[in-house]
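In my numbering, the protein residues as written are 2 to 302. Heads up: the structure comes next, in structure tokens.
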């Protein structure tokens with residue numbers, strides 16, 4: 002008499018392709034999470050027009066001159082300088098005042114469109130903000146790496162600018178503050194306002210992403226045609242904001258990134274540390290999330 006025995010099945014072997022597919026799916030699942038608190042709905046055409054008018058109006062105030070300068074450099078109508086112009090105390094002060102005005106206008110418009118959508122402000126926890134900060138650095142790195150790759154692969158002319166020495170301590174401080182103000186001005190006007198205004202007026206996420214790229218890239222074209230690669234940065238910033246709602250962390254990331262440029266080797270070292278930290282955060286979050294999903298699937302009857 003032969004005894005029937007059941008041979009346990011060997012666990013399926015995970016291939017590299019399976020692992021990459023799992024990571025891809027988990028990234029998509031993470032970015033599908035929406036923390037903006039705004040539900041898409043049908044609205045009158047005049048509300049949609051108001052959203053576009055708000056975005057266009059604040060863009061004209063804050064970046065029309067920057068776009069003009071970038072385009073004339075891109076087309077070679079004005080030679081690109083070897084060093085970035087230091088300006089004067091008056092121009093630096095004017096830049097700071099203009100960006101403060103942009104911040105105030107953007108904050109007011111974000112509040113108004115949230116009220117229109119009936120959406121409360123979704124405040125990120127401090128843990129989420131701490132994790133989002135270095136991931137913002139990683140997004141910048143990806144964008145500029147892609148921009149550099151496009152220039153190299155396709156042989157596109159590109160411009161690089163060194164910082165000119167500044168003898169006037171006041172002008173030096175004002176330039177640092179002016180560059181740092183790009184954090185609140187750009188992330189409120191070109192990220193948060195674009196997302197909130199367009200989502201509050203019934204636009205799809207595809208439209209939001211296209212709009213965010215359209216307002217972020219043009220005034221960076223002084224780097225050359227490769228700056229089109231910065232579209233990846235704009236896209237990732239929208240996805241990060243949607244996923245985390247951590248606008249303060251993204252503002253601080255952008256501000257510190259610009260200001261650290263003035264800190265020489267120490268500044269670049271800190272940028273590298275923050276970027277690598279962002280990579281670690283992404284790896285840890287994905288690993289934990291994948292493990293939780295696998296555990297939940299294994300516990301299902």
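Just so it is clear, CB atoms sit at the ideal spot from N, CA and C, and this is done for glycine as well.
Alpha-carbon spacing of residue i relative to residue j, whole angstroms
| i | j | result |
| --- | --- | --- |
| residue 270 | residue 23 | 33 Å |
| residue 176 | residue 29 | 39 Å |
| residue 289 | residue 134 | 19 Å |
| residue 54 | residue 169 | 40 Å |
| residue 236 | residue 300 | 36 Å |
| residue 144 | residue 224 | 13 Å |
| residue 294 | residue 86 | 52 Å |
| residue 99 | residue 88 | 15 Å |
Cutoff 6 Å; reference residue i; Cβ partners in own chain excluding five residues on either side
| i | result |
| --- | --- |
| residue 263 | 177 |
| residue 222 | 71, 75 and 228 |
| residue 19 | none |
| residue 157 | 225, 226 and 227 |
Three-state secondary structure (DSSP) of residue i
| i | result |
| --- | --- |
| residue 20 | helix |
| residue 35 | coil |
| residue 186 | helix |
| residue 205 | coil |
| residue 92 | helix |
| residue 139 | helix |
| residue 164 | strand |
| residue 225 | strand |
Residue of the options minimising C-alpha distance to residue i
| i | options | result |
| --- | --- | --- |
| residue 161 | 172, 170, 154 and 149 | 149 |
| residue 279 | 251, 73 and 300 | 251 |
| residue 140 | 61, 277 and 52 | 277 |
| residue 96 | 181, 206, 244 and 213 | 181 |
| residue 63 | 266, 91 and 186 | 186 |
First and last residue of the uninterrupted alpha helix (DSSP H) at residue i
| i | result |
| --- | --- |
| residue 180 | 170-181 |
| residue 78 | Note, residue 78: premise wrong, no alpha helix (DSSP H); not H, not E. |
| residue 259 | 248-261 |
| residue 301 | That residue, residue 301, is in no alpha helix (DSSP H); it is neither H nor E in DSSP. |
Proximal residues to residue i (C-beta, below 7 Å), its chain only, five neighbours per side dropped
| i | result |
| --- | --- |
| residue 147 | 230 and 233 |
| residue 297 | none |
| residue 249 | 130 |
| residue 2 | With a pLDDT of only 46 at residue 2, under 50, the local geometry of the prediction cannot be trusted, and no value is derived from it. |
| residue 258 | 138, 141 and 272 |
Cutoff 8 Å; reference residue i; Cβ partners in own chain excluding five residues on either side
| i | result |
| --- | --- |
| residue 59 | 103, 106, 107, 110, 190 and 194 |
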